[in-house]
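A.B. asks: Those letters in the sequence shown? Residues 1 to 367, by full-length UniProt numbering.
Beta carbons are placed, not taken as given, at the ideal position from N, Cα and C, and that holds for glycine.
From a predicted model like this one, the values you see are computed outputs, not experimental measurements.
Quick one: the structure is below, and I'll ask about it shortly.
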Amino acid sequence: MKDEAALTIAAMGDISLGDHPVCVGHGMRKTIGLHGVKLFSDVREYWSNCDVVLGNLETVASDAGLQSEKLSSFEMRGDPAALSILKEVGFNVLNVANNHSMQHGKDAFSDTVTRLKNIGVESIGVDDKKVGKTIPFVYEKSGIRNVFLGYSIRPEEWIKDTIPYSYRRHEDALLTEVRDFRKEVNGAVVVSIHWGLEYLGYPGPEQLELGRKLVDAGADVIIGHHPHVLQPYEYYNGGLIMYSLGNFLFDLWHPETKPTVIALITISHGCIPKVEFKPVYIDSRFFPRKANPEQCEVVKRLISFDAQSIDSIFKLSPGEYRDRYKNNLAMLRPRKYRYFIKNIYRYPFSIIFQSLMRTCYRRLTGN
């Protein structure tokens, strides 16, 4: 029998509203502008009856400080109008704490958060500097108070002064906050966290350890993002840990970034969270589509753990895991160049020139 008091959540991974640096002029910003809510037409029914529809907003959606002819100013920046599209299709909570939050400065970040508030979408992952904690979103249903928290533990690379989003460099501070919020509510504690390394299909040993520490600190559900690919999930000590939900709305070209899921989570009071994964594939036009049977099998394999694989990860040192990441990036780099050359006719000349200059600079400096 259905528990009418249960909290229902639809969780998705990374959402980009702007063009990736290698897709400027034909990426997500352009695609959203052309198609709007139609982008979601194949999958939005999955979350139509959920209480909370949650994703990680990977980009700002603001033109504050925009220099439209400058690649570094235009890339990874969404049109403010795109926020209303997310609202219209049902998103009501977005995590804004990630490694791109400050890419276009504090004003663009603040403008994005303000715009979300004005249209009735909750932002998680914003710090309250007065109390030194993240600002929670509390969702109450049938007298049960559930709290949603957003964090990033990825290094901040854009600014050096006070960071307005919920960046936690040290895990002790993060765990202390989760323990404190656990005491403040009688329902679920849901943590959305930007962590891990990109393009690896399994979490590292430090991720596994932190995920379990978060559960021990009081988290019932952990929703991971940043790797841009699916990673397995596990239950630990009654908590649901989804290490990476991959991309949901993104203009990456690697085949590994195309399979994804919509995680439908049900939390009945006092019970272990239940999850059902709806397999999704991102097509060549960046539309999220229901997966076909063959794709469903791929998704099922990507999100599955076994005891042996967990043990093998714990045997890795952080350095060994990072070396695997570096080797994987080196393997993927030629794909980026091939994509750029194949699509060179789609870029404005000024973007081609800036992209080539950036590549030369990085090759010369090693950055």
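1. Mind checking which residues open and close the beta strand (DSSP E) that includes H35?
2. Should the region 57-70 be regarded as contacting the region 98-116, the criterion being three or more beta carbon pairs within less than 8 Å?
3. In terms of residue numbering, what span does the beta strand (DSSP E) encompassing V147 cover?
4. Ignore the nearest five residues each way along the sequence and tell me which others in H225's own chain have a CB closer than 7 Å to its CB.
5. How many Å lie between K38 and T365 at the Cα?
6. From H228 to F286, what distance separates their C-alpha atoms?
7. Do F148 and V89 have their C-beta atoms closer together than 7 Å?
8. Give the single residue among G125, K141, N146 whose Cα lies nearest to the Cα of E184.
9. Using only alpha-carbon positions, find the residue among S72, F248, T8, P259 that is nearest to V22.
10. Go ahead and pull the three-state DSSP assignment for D306.
11. Any idea if P273 is buried or exposed, counting beta-carbon neighbours within 10 angstroms, 16 or more meaning buried?
12. Below 8 Å, how does it come out for the region 129-137 and the region 252-265: are there three or more Cβ pairs, yes or no?
13. Name the residue from T112, K106, R154 whose alpha carbon lies nearest to the alpha carbon of T162.
14. Between the C-alpha atoms of G319 and S166, what's the straight-line distance to the nearest angstrom?
15. Can you give me the start and stop residues for the alpha helix (DSSP H) that D172 sits inside?
C.D. replies: So, to answer that:
1. From DSSP, H35 is part of no beta strand (DSSP E) but of the alpha helix (DSSP H) over 28-35.
2. yes
3. 144-152
4. G13, D14, N56, H194, S244, L245
5. 43 Å
6. 14 Å
7. no
8. N146
9. S72
10. coil
11. buried
12. no
13. K106
14. 26 Å
15. 171-184
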